[in-house]
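J.: One point on numbering: in my numbering, the residue at position 294 of the sequence shown is 294, and numbering is uninterrupted. Below is one structure. I have some questions about it.
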Amino acid sequence: METSAEVGSCASEEFDQSRRWTNKLKSTLYRKKFLYTACLLFANFMSGWINGQRGPSLLDLQLITGTDLSQGSAFFTAAATGALVGAVAGGAIYDRCNKYLSLFISMAGHGLTVAVIPLCTPYWLMIAVFLAHEFFLGIFKTGCNVELVRVWGVESKPYMQALHFLWSLGGIISPFVLEPFLAVRKNGGYNITQSPVMGTENSKYLVQDFVSASNISSNNQLQTRIIWPFLITGILTILSSLPFFIVFLFARQDKHKDITKALDGKRQGKRLSRKLLALTLGLLGIFYFFLDEVEDSSVSFLASYVVKQFKWTKVTGARITSAFWAAYAFGRLAAIFFITYVSHVKICGLFFFFLILAQLGMIFAGMYLSKVFIWITACAVGFSISISFPAMLTWIEKDFVQLSGKIMSVIFIAVGLGGMVNPQIIGHLMEVSSPLWYNYILTIESVLLFLSFLVLVWLVKNVLSKYHSSYNVTADDMEEIEVPLNDKPTLAS
């Protein structure tokens, strides 16, 4: 039981922190940081909004191009390819080119391509636009995450959670806005059912049970109006890119140098030798590979799992998916407020431990067909996995190596590979063996994720901490953030 002295100490500490934050807001430069951060948050919200539109609009895109489901799935394959290429290009562009200009061009290109998607009636053109669409997003996501860390440095933990929470919020809201514009589900005796399952931040979609557009009679052709929500979304996305262009113009003028000065936060300045950097990136790649496998597949296959194992309707499957997303978003929202007060190792380790317990709970819920328990455990999985991606980024900056565009490229490549491999394994085993393999595979991968996290903890405590302490980063090195991270720092005398 806490003593009155301890309670008073905690209250005093919270008051001091609140007072320090209020004093910072009095600074003009600090307020400019908040304004620029708001621009990053809004742009990321729009990227999440776009991501949430694509799954529910697949049928309408099939109608526009006159394709069946097999052909329509190529849209998302092209998007996955574009995202990987964009992530690779984004790392090089962010590190070598003007940061503000790259964010403006990539986000404006992302908005322009989403606006023209419903106009692409030729099949090949739709595939090409999807590839370009995700290519621009890959560049923006790489730069946006690094930019937030650059701006806030050691203070970036809550802002990173806010950035990814708004992405989730956009993905949750946009399908409801899109729904009134979708093609009519019943027309001329044709029942068109759809069970859109939104992907996670780094995933694509598992969209099932769409009727083949080629099988619909020309006399009963459905009419789609998705051009309007896509056009509005595209305009808003382009508008979200304009602040970066304005900052780019101001930053080029000597009288506005204080703007760019305000956007440089205090960073850790971590650097590694070539061999140690390769080892670190390899282990981080393995971690993010398993992270995306668990995060992506947990939500992508959830509706299919409950339909097959519990014999639920697709409507109920969509509802439990929505509950998963609500818990996922709530976890990120809550983390904004508490992430500053706990260490990365403790909070991530605790959440990963709860993730394994939740996955084991889903196995028992599936074996005994407990409807109540499957709702609880599905939400628990969503909550447990929610903070991992943004929290790990700030941990990398703090204890591993200074985050850069190239390092973000490696992370997104690992994420993309994880999202490609797992669906094939789970989908095959659920089909030929038992739906319970959904639980088995994800539980195994959750354990592997936790083990890879423990390896990273060992790396920090026993290798990187000793390496960093043996080197002295000079003031000049701290300023030259464009120097490649694989250059070996100067040995301390």
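Ideal placement from N, C-alpha and C gives every residue a C-beta, glycine not left out. None of these values were measured; they are calculated from a predicted model.
Leaving out the 5 sequence neighbours to the left and right, which residues in its chain are closer than 8 Å to residue 148 when beta-carbon positions are compared?
T.: Here residue 148 refers to the residue found at position 148 of the sequence shown. Counting only Cβ-Cβ distances below 8 Å, and skipping sequence neighbours, we find 37, 40, 156, 159, 160 and 163.
J.: Using 10 angstroms around the beta-carbon of residue 205, count the other beta-carbons present and answer buried if the total reaches 16, otherwise exposed.
T.: Looking up residue 205 in the sequence shown gives position 205. For residue 205, the predicted model reports a pLDDT of 41, less than 50, meaning its position is unreliable; a value from the coordinates is still stated below. The residue is buried, with at least 16 neighbouring Cβ atoms inside 10 Å.
J.: By how many angstroms is the C-alpha of residue 368 removed from the C-alpha of residue 142?
T.: Sequence index remark: in the sequence shown, residue 142 carries index 142 (1-based). Sequence index remark: in the sequence shown, residue 368 carries index 368 (1-based). Each residue's alpha carbon lies about 43 Å from the other.
J.: Would a check of beta-carbon distances place residue 385 closer than 7 Å to chain C?
T.: This model lacks chain C altogether, as it is built from one protein chain only.
J.: Thinking C-alpha only, which one of 95, 154 and 30 is nearest residue 341?
T.: If you number the sequence shown from 1, residue 341 lands on position 341. Minimum Cα distance to residue 341 is reached at 154.
J.: Just to confirm my understanding: we take residue 445, look at its own chain, exclude 5 residues before and 5 after, and list those with CB closer than 6 Å. What are they?
T.: The residue labelled residue 445 in the question sits at position 445 within the sequence shown. Closer than 6 Å at the Cβ level, and outside the excluded window around residue 445, lie 290, 293 and 294.
J.: Whole-angstrom Cβ separation of residue 384 and residue 355, contact assumed at under 8 Å?
T.: For this step, residue 384 is matched to residue 384 along the sequence shown. For this step, residue 355 is matched to residue 355 along the sequence shown. Contact flag correct, Cβ pair sits at about 4 Å.
J.: Among the residues of its own chain, which have a CB less than 7 Å from the CB of residue 218, if the five just before and after it don't count?
T.: Here the question's residue 218 lines up with position 218 in the sequence shown. Note on residue 218: pLDDT 42, under 50, position unreliable in the model; the coordinate value appears next. Hits under 7 Å: none found.
J.: I need the straight-line Cα distance from residue 395 to residue 94, nearest angstrom please.
T.: In the sequence shown, residue 395 corresponds to position 395, counting from 1. In the sequence shown, residue 94 corresponds to position 94, counting from 1. Those two C-alpha atoms are separated by around 21 Å.
J.: Look up residue 266 in the DSSP assignment and say whether it is helix, strand or coil.
T.: What you label residue 266 is simply residue 266 of the sequence shown in a count that begins at 1. Residue state, collapsed to three classes: coil.
J.: Using the rule of at least 16 other Cβ atoms within 10 Å of the residue's Cβ for burial, across every protein chain shown, is residue 438 buried or exposed?
T.: Numbered from 1 along the sequence shown, position 438 holds the residue referred to as residue 438. Per the 10 Å Cβ criterion, buried.
J.: Under a Cβ-count criterion, where at least 16 other Cβ atoms within 10 Å of its own Cβ denotes burial, should residue 30 be classed as buried or exposed?
T.: Translated into positions along the sequence shown, residue 30 becomes position 30. The residue in question, residue 30, is exposed, as its Cβ has fewer than 16 Cβ neighbours within 10 Å.
J.: Name the two residues that bound the continuous alpha helix (DSSP H) containing residue 106.
T.: The sequence position of residue 106 within the sequence shown is 106, counting from 1. Unbroken alpha helix (DSSP H) run through residue 106: 99-116.
J.: Could you have a look at residue 390 and say whether DSSP puts it in helix, strand or coil?
T.: Numbered from its first residue, the sequence shown carries residue 390 at position 390. Helix at residue 390.
J.: Leaving out five residues before and five after residue 130 in sequence, what residues of the same chain have Cβ atoms less than 6 Å from its Cβ?
T.: Walking along the sequence shown from the start, residue 130 turns up at place 130. Closer than 6 Å at the Cβ level, and outside the excluded window around residue 130, lie 75, 78 and 79.
J.: Would you mind sorting residue 180 into buried or exposed? The rule is 16 or more other CB atoms within 10 Å of its CB.
T.: Residue mapping note: residue 180 aligns to position 180 of the sequence shown, counting from 1. Residue 180 comes out exposed.
J.: Of the choices 421, 408, 454 and 124, whose alpha-carbon is the least far from that of residue 281?
T.: The sequence position of residue 281 within the sequence shown is 281, counting from 1. Closest in C-alpha terms to residue 281, from the list 421, 408, 454 and 124, comes 408.
J.: Tell me which residue opens and which closes the alpha helix (DSSP H) that residue 315 is part of.
T.: The residue labelled residue 315 in the question sits at position 315 within the sequence shown. Unbroken alpha helix (DSSP H) run through residue 315: 314-338.
J.: Counting Cβ pairs closer than 8 Å, one from the region 116-131 and one from the region 169-178, do we hit at least three?
T.: no
J.: Please state if the CB of residue 68 and the CB of residue 183 are separated by a distance shorter than 7 Å.
T.: In the sequence shown, the residue the question calls residue 183 occupies position 183. In the sequence shown, the residue the question calls residue 68 occupies position 68. Contact flag unset, no.
J.: Skipping 5 residues on each side, what residues in its chain have a beta carbon closer than 6 Å to that of residue 371?
T.: Within the sequence shown, residue 371 is the residue found at index 371, counting from 1. Closer than 6 Å at the Cβ level, and outside the excluded window around residue 371, lies no residue.
J.: By the 10 Å Cβ neighbour count, where 16 or more other Cβ atoms means buried, how is residue 228 classified, buried or exposed?
T.: Taking the first residue of the sequence shown as 1, we reach residue 228 at position 228. The residue in question, residue 228, is exposed, as its Cβ has fewer than 16 Cβ neighbours within 10 Å.
J.: I need the boundaries of the alpha helix (DSSP H) containing residue 435, first residue and last residue.
T.: Within the sequence shown, residue 435 is the residue found at index 435, counting from 1. Note, residue 435: premise wrong, no alpha helix (DSSP H); not H, not E.
J.: For residue 411 and residue 374, what's the separation of their Cα atoms in angstroms?
T.: Looking up residue 411 in the sequence shown gives position 411. Looking up residue 374 in the sequence shown gives position 374. Using only the alpha carbons, I get a separation of about 32 Å.
J.: Please go through the same chain and pick out, in chain order, the residues whose beta-carbon is closer than 8 Å to the beta-carbon of residue 453, but skip the five residues on each side of it.
T.: Residue mapping note: residue 453 aligns to position 453 of the sequence shown, counting from 1. Once the five neighbours on either side are set aside, the close Cβ partners of residue 453 are 287, 348, 349 and 352.
J.: Closer than 8 Å is the cut-off here; do at least three beta carbon pairs connect the region 356-367 with the region 415-422?
T.: no
J.: Reducing DSSP to helix, strand and coil, say where residue 56 ends up.
T.: Here the question's residue 56 lines up with position 56 in the sequence shown. Reduced to three states, the DSSP call for residue 56 is coil.
J.: Can you tell me which of the three DSSP states residue 368 falls into?
T.: On the sequence shown, residue 368 is found 368 positions in, with the first residue counted as 1. DSSP places residue 368 in coil when its eight states are reduced to three.
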